[in-house]
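Numbering (this note's numbering), first residue to last: 1007 to 1294.
Below is the structure:
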């Protein structure tokens, strides 16, 4: 038995060492990318860069319209995907259970989560831009990103609902509450911190997408401000892509490219930190 236990512990140490090594490699890669962007993009950051519009054929000025466009698209897509995703997760876990229809839905959701974003962009171009007649606009981009992030919301919401003990549901029924009342007043508040994790991931995914919005919502440059949902916008990922591939003077705009990438990462990081703080506060309240 002692030899068997030693053999098991040795295997556990090897496996955990492999896991730690993999995690360490990922962290090193992340810090390496961040350090590279900070080194190359920090000199380009200034209040002028953050608060002004591009000038001189995108070789001067700032990225303020791009920041606004990214925020419009990210939070707009959340307004679409969050209620639909949570409602779908409630149906799958609380009502459908493990029947065949729910099984097919879960397979479809899992397949959607693996579809490349460019496919969503082409679908948005064909359906929202052309067929629905929305044109290249914020609305087309929001709807496309909403579909793209929907599998994330559904998956994380269903997992969060699974963490709520079945005894809580039984207790609410025993106290005279209906099934829907128990879900709304007991299950959802307990699972909401986990559901919010899906919202965090979806915002980060939507804010960093290029292929999904380049066909549906963004333009190379627009001098006017956004007046309606049917206006096109500039966005940080597409702006960075244009500067790096189609600019009139790519070498001159190189500092702007790195600075734009750094702002995008900092913006996504800030949104994630704020959402995590809100989630943790709600989680502490649920335990009191």
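C-beta atoms are modelled at their ideal positions from N, C-alpha and C, and glycine is treated no differently.
Are the beta-carbon atoms belonging to residue 1133 and residue 1154 less than 8 Å from one another? For this step, residue 1133 is matched to residue 127 along the chain shown. For this step, residue 1154 is matched to residue 148 along the chain shown. Not in contact: residue 1133 and residue 1154 (Cβ atoms no closer than 8 Å).
Per-residue DSSP class, three states only, for residue 1224: Position 218 of the chain shown, counted from the first residue, corresponds to residue 1224. Strand.
Same chain, Cβ closer than 7 Å to residue 1379, five either side skipped, listed in chain order: Given that the chain is displayed from residue 1007 to residue 1294, the structure contains no residue 1379 and the question cannot be resolved.
At least three beta-carbon pairs within less than 8 Å, the segment 1156 to 1172 to the segment 1085 to 1099: The segment 1156 to 1172 is in contact with the segment 1085 to 1099.
What is the C-beta distance between residue 1275 and residue 1213, in whole angstroms, given that I count them as a contact (C-beta under 8 Å)? On the chain shown, residue 1275 is found 269 positions in, with the first residue counted as 1. On the chain shown, residue 1213 is found 207 positions in, with the first residue counted as 1. No, residue 1275 and residue 1213 are not in contact; Cβ-Cβ is about 10 Å, not under 8 Å.
Cβ distance (whole Å) where residue 1159 is taken to contact residue 1205 below 8 Å: The residue you call residue 1159 lines up with position 153 of the chain shown. The residue you call residue 1205 lines up with position 199 of the chain shown. In this structure, residue 1159 and residue 1205 form a Cβ contact; the two beta carbons are roughly 7 Å apart against a cut-off of 8 Å.
Can you tell me which residues form a DSSP beta bridge with residue 997? Outside the modelled stretch of the chain, which goes from 1007 to 1294, sits residue 997, for which no answer is possible.
Return the CA-CA distance between residue 1195 and residue 1062, expressed in angstroms with no decimal places. Looking up residue 1195 in the chain shown gives position 189. Looking up residue 1062 in the chain shown gives position 56. Spanning the two alpha carbons is a distance of roughly 52 Å.
Nonlocal neighbours in the same chain, by C-beta distance under 7 Å from residue 1163, ignoring five residues either side: Stepping through the chain shown from its first residue, residue 1163 is reached at position 157. 1091, 1092, 1095, 1201 and 1204.
From what residue to what residue does the alpha helix (DSSP H) around residue 1246 run? Residue 1246 sits at position 240 when you count from the first residue of the chain shown. First-last of the alpha helix (DSSP H) with residue 1246: 1242 to 1251.
For residue 1207, which residues from the same chain have a beta carbon less than 6 Å from its beta carbon, with the 5 sequence-adjacent residues on both sides left out? Here the question's residue 1207 lines up with position 201 in the chain shown. Here the set comprises 1158.
What number of angstroms, rounded off, separates the C-alpha of residue 956 from the C-alpha of residue 1112? This structure does not reach residue 956, given that the chain is present from 1007 up to 1294, and the question cannot be answered.
Nearest-angstrom Cβ-Cβ length linking residue 1295 and residue 1219, presumed shorter than 8 Å: The structure shown does not extend to residue 1295, since the chain is modelled only from 1007 to 1294, so the question has no answer here.
Return the first residue and the last residue of the alpha helix (DSSP H) that residue 1049 is part of. Indexing the chain shown from 1 puts residue 1049 at position 43. Bounds of any alpha helix (DSSP H) do not take in residue 1049, whose DSSP letter is neither H nor E.
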